[in-house]
Each structure stands twice: as C-alpha cells, then as structure tokens.
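Below is one structure, written out as structure tokens; the observations come after it.
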Amino acid sequence: MSKIVVIGANHAGTAAINTILTNYPEQEVVVFDKNSNISFLGCGMALWIGKQISGPEGLFYATKDGLEAKGAKIHMETAVDRVDFQKKVVYATGKNGEKYVEQYDKLILSTGSLPIDLNIPGKDLENVQFVKLYQHAEDVIKKLENKELKNIVVVGAGYIGVELAEAFQRIGKNVELVDLADSCLSGYYDKEFRDLMTKNLKDNGINLNFGERVLEIKGNGKVEEVVTDKKTYKADMVILAVGFVPNNILGKDSLELFKGCAYKVDLTQKTSIDDVYAIGDCATVYDNSIQDTNYIALATNAVRSGVIAAHNACGTKLESVGVQGSNGISIYGLNMVSTGLTLEKAKKLGYNAVATNYEDLQKPGFIEKNNNKVMISIVYDMDSRRVLGAQIASKQDISMSIHMFSLAIQEGVTIDKLKLLDIFFLPHFNQPYNYITMAALGAK
Numbered sequence: 003m004s005k006i007v008v009i010g011a012n013h014a015g016t017a018a019i020n021t022i023l024t025n026y027p028e029q030e031v032v033v034f035d036k037n038s039n040i041s042f043l044g045c046g047m048a049l050w051i052g053k054q055i056s057g058p059e060g061l062f063y064a065t066k067d068g069l070e071a072k073g074a075k076i077h078m079e080t081a082v083d084r085v086d087f088q089k090k091v092v093y094a095t096g097k098n099g100e101k102y103v104e105q106y107d108k109l110i111l112s113t114g115s116l117p118i119d120l121n122i123p124g125k126d127l128e129n130v131q132f133v134k135l136y137q138h139a140e141d142v143i144k145k146l147e148n149k150e151l152k153n154i155v156v157v158g159a160g161y162i163g164v165e166l167a168e169a170f171q172r173i174g175k176n177v178e179l180v181d182l183a184d185s186c187l188s189g190y191y192d193k194e195f196r197d198l199m200t201k202n203l204k205d206n207g208i209n210l211n212f213g214e215r216v217l218e219i220k221g222n223g224k225v226e227e228v229v230t231d232k233k234t235y236k237a238d239m240v241i242l243a244v245g246f247v248p249n250n251i252l253g254k255d256s257l258e259l260f261k262g263c264a265y266k267v268d269l270t271q272k273t274s275i276d277d278v279y280a281i282g283d284c285a286t287v288y289d290n291s292i293q294d295t296n297y298i299a300l301a302t303n304a305v306r307s308g309v310i311a312a313h314n315a316c317g318t319k320l321e322s323v324g325v326q327g328s329n330g331i332s333i334y335g336l337n338m339v340s341t342g343l344t345l346e347k348a349k350k351l352g353y354n355a356v357a358t359n360y361e362d363l364q365k366p367g368f369i370e371k372n373n374n375k376v377m378i379s380i381v382y383d384m385d386s387r388r389v390l391g392a393q394i395a396s397k398q399d400i401s402m403s404i405h406m407f408s409l410a411i412q413e414g415v416t417i418d419k420l421k422l423l424d425i426f427f428l429p430h431f432n433q434p435y436n437y438i439t440m441a442a443l444g445a446k
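When you line the sequence shown up against the numbering used here, it's residues 3 to 446, in that order.
Rendered as structure tokens:
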C-alpha cells in the first residue's frame, strides 16, 4: 500500500479520488481542500442566480462524508502552505490553526484556477464581485434581495460573463456588458457566430459595450460607477468575469510550467517531477487540433485528467487521447457549440486554413413546428485537408452534432471523408441533404 495525497477536491480532484477508491481500495488517500464544500458545478451558477433552477442543491454531486465512507481521509477548510517535493512532504494549516505534516508516496495537484484580478482603483469596494465558487454565487444572490440593487455591470463577455448577463436580466436588472474585445465570445467563435449572439443579447435587453477598457470603479464604500475609456456606467454591483489563471502557487518554483502558468504534464498527467501529477485547471492538456501542448480549462477536461492521473499514480499506465476543447452555450434559447480551432485562430497559428459554411432548416420545410435554421462552419487545413474545428448555432438543440467533429479532429479525419459520410435521414430529425453533408460538399 502507498499513500496518495490529493491537494484540491473539486471536479478533477473528486474524479481522481473516486477513481482511486473504486479501483484501488488498498491505497491510502489523504485529501486537503481549503474550501468548505466540494464538487460545485460552477456552470450552473447563472441558472441559480437567474432563478431558472429552484436552488443550488443539484449543483453538487459529491460530499466529504461520501468520499470518507469510501475510505479517504478528507481535510476540508485546510490550506496547504507548502510542499517539499524533494522530501515528499505536504505542510497544511486547518481553519482553527491546527498544523498538518503529511508524507506522501504520490502527489496529485488539483489546485484549479483563480479569477483574474483586475489591477484597477476601486476593485475592493463593496459589491464588486467575483463569481466562481459556491460562496460567491450565494453572496450575490443574498445581495440581490435588496430591491434597490438595480444596475449591474458585468466586465468580461466570455462564456461566464454572457451567462451572468442573461441571468441578471432575467430577474429584472439593468445589465451593462463591457469587454475590451470588439465582440462577445471572442475566444470560441468566428465573427458570423459572434454576431448571432450579439444580436441575441441586444434583442433581449442586454446593453452591450464592446471595445472598452475598464479604468476605475468608483464609490463611497460601495460601488457606484464603472469608468471605462469611453463612458461611465451607474453600478450597484460589478461582476468581474475577465477570465482565470492556473493556480500554480504551490509548485511554480519547482515544477516545469507551460508559458509561465500551468503545470506542464505528459499524457499520464505526470509533471516534471516523478510521483507528482497535476490535473484540472492547473495543468496543461494535449490539444489534438494543434497537435501540441495547450491550456484549455474546462470541467470535462478536468474530470478526464483526474481519472488518468489516478490510474497512473496507482501503477496502471493510462494515457490521455488528447482534447479538442469542445464547448457550448445556450442563451435565451440560442444554442451555440464549438470544438477545435476557429478560422481566426487557425490562421494566426499559421495553418493554410479555410472554412466551409452552410445554413438551412434542421428539418424539411414541410415540417412546420419545431423546425429552426442551423448555421454550421467547418474549419480545415487546405494542405493536409485535416478538419481543425467546427461551430454550429441554432434555436434547435444541435449540441450532439459537435461530438462527431470532436472525434474527427482527434482522429485526424479530412474534410473529404465527411462529404459522403453515412448520415441517416428521417423528417422528424433532419434533411436528406443535411447541413453537415452540404457544408462538407462545399469544401474546396
């Protein structure tokens, strides 16, 4: 039997712990987490804030008691102060000041990511909020009980910012969405898709303010205004949602980093030091779309990396097959999904990339109900013909289609292979010449 210490017990950590306890019950598992809860699905925060779900209970899928019942020793509300990687010792401090010194045989770092903290005046005023943890969402919801809190400025128009903007508008707040980029969702979609979401947000009452840099947050104790390089906005609450950075505090001076940020790991999740693994948002991934190491912080990546690290820490070699960064968003019924590279990203990376686009109804025109337009773009490399990415948008639920493109990127499928792909037809579901086939046939 060996001792495996896991630092951090959210998605990646929970996946690793459960994998070890289920498959290797002889292993001793000790866990440290500075939070008071585990397994909170942050992707559901906007649904909770926007009252689209009744409460947060369903946003948790694991507990301290449940993991301990399987055999783990869990220290919650316990911060790890430092790790001696040479002597294999973890030093931690509990909420009441108790000290822990834990020797390990294998170490799994699952420290996640931290919200980017804008270095601007006024960021410490009351009602300037991050929204990442359960406690953050709970605090926002309690403050929203104050009916005088009417004007909310959301800084950052990525996935989280857009989702929160919708949530606040749904409960009757005036929402200003501000971003330095010239559009929303700039990291995930090409312009024609971003334009779709921009119109969707405008049509539903979100005030959009793109191409603006936040300079200062003003107020007397509480936030009152947000000042950008173009305008000043009245604000009763400010949400800072400009992104996240890997939490590398414990190992940044000892472990190899990727571009100075995430822990660089191999396909087994091992870091540059033997017996030390890194998983989830603090670690790199192998990105099949660029066929190289990358940093893509997604809960799905976190869970897979936890499973892989757990098996390898217990002596069973298991390698990642890589990821494509598959993702999706649904705002006011507009569903958008993507995987791999956008055309803009592919060109910046030096690919001889082009996109083939197509738009049509999901089903034959004679289907009069529940039949919406679908827009698709498939990005591929003209030289190798390899599929590099795909984006799909519709009021229809087209989400499952993106998984096929994810597999295509993983397996190096060419655009030409998709042209005559065997896709079934039934009027209840699709068209005989459906949007995937027609987009592929339109490739040069």
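Idealized CB from N, CA, C, for every residue including glycine.
Apart from the 5 residues on each side of it in sequence, L217 sits with its Cβ closer than 7 Å to the Cβ of I122, V229, T230 and D231 in its chain, given in chain order.
Using a C-beta cut-off of 8 Å, the segment 8-25 makes contact with the segment 38-46, since at least three inter-stretch Cβ pairs fall below that distance.
Measuring C-alpha to C-alpha distances from F62 to each of K53, T21, M47 and T286 identifies M47 as the nearest. Within a 10 Å sphere around the beta-carbon of S56 sit fewer than 16 other beta-carbons, which makes this residue exposed.
With contacts defined by Cβ atoms closer than 9 Å, S340 and S322 do not form a contacting pair. Look at the beta carbons and you see the segment 23-40 touching the segment 65-76: at least three pairs across the two are nearer than 8 Å. Shortest Cα-Cα distance from L443 to any of P434, Q433 and D418 involves D418. Close CB contacts of Y161 within its chain, under the 6 Å cut and outside five residues either way in sequence, are with I331 (chain order).
In this structure, the alpha-carbon of E100 lies about 13 Å from that of F34. Assignment of beta-bridge partners to K365 by DSSP yields no partner. Between the beta-carbon of S396 and that of N374 there is about 5 Å, and that keeps the pair under the 8 Å contact cut.
In the structure shown, R215 adopts coil according to DSSP, grouped into three states. Scanning D383, R215 and D277 for the CA closest to the CA of V91 turns up D277.
The distance from the Cβ of Y353 to that of L300 is about 22 Å, inconsistent with a contact at the 8 Å cut-off. Straight across, the Cα-Cα distance linking K446 with T358 is about 8 Å.
Contact between V32 and L109 does not hold, since the beta-carbon distance rounds to 10 Å and is not under 8 Å.
In the structure shown, N12 falls within a coil segment according to DSSP collapsed to helix, strand and coil. DSSP places T80 in no alpha helix (DSSP H) but in the uninterrupted beta strand (DSSP E) bounded by T80 to D86. About 7 Å separates the Cβ atoms of Y191 and M338, confirming a contact at the 8 Å cut-off.
Beta bridge pairing from DSSP links A395 with M338 and M377. In the DSSP annotation of this structure, G330 is not part of any alpha helix (DSSP H); the continuous beta strand (DSSP E) holding it starts and ends at N329 to I333. Check the Cα spacing between V156 and each of G245, A74 and K421: the tightest is with G245. If you draw a straight line from the Cα of K350 to the Cα of H77, it is about 45 Å long.
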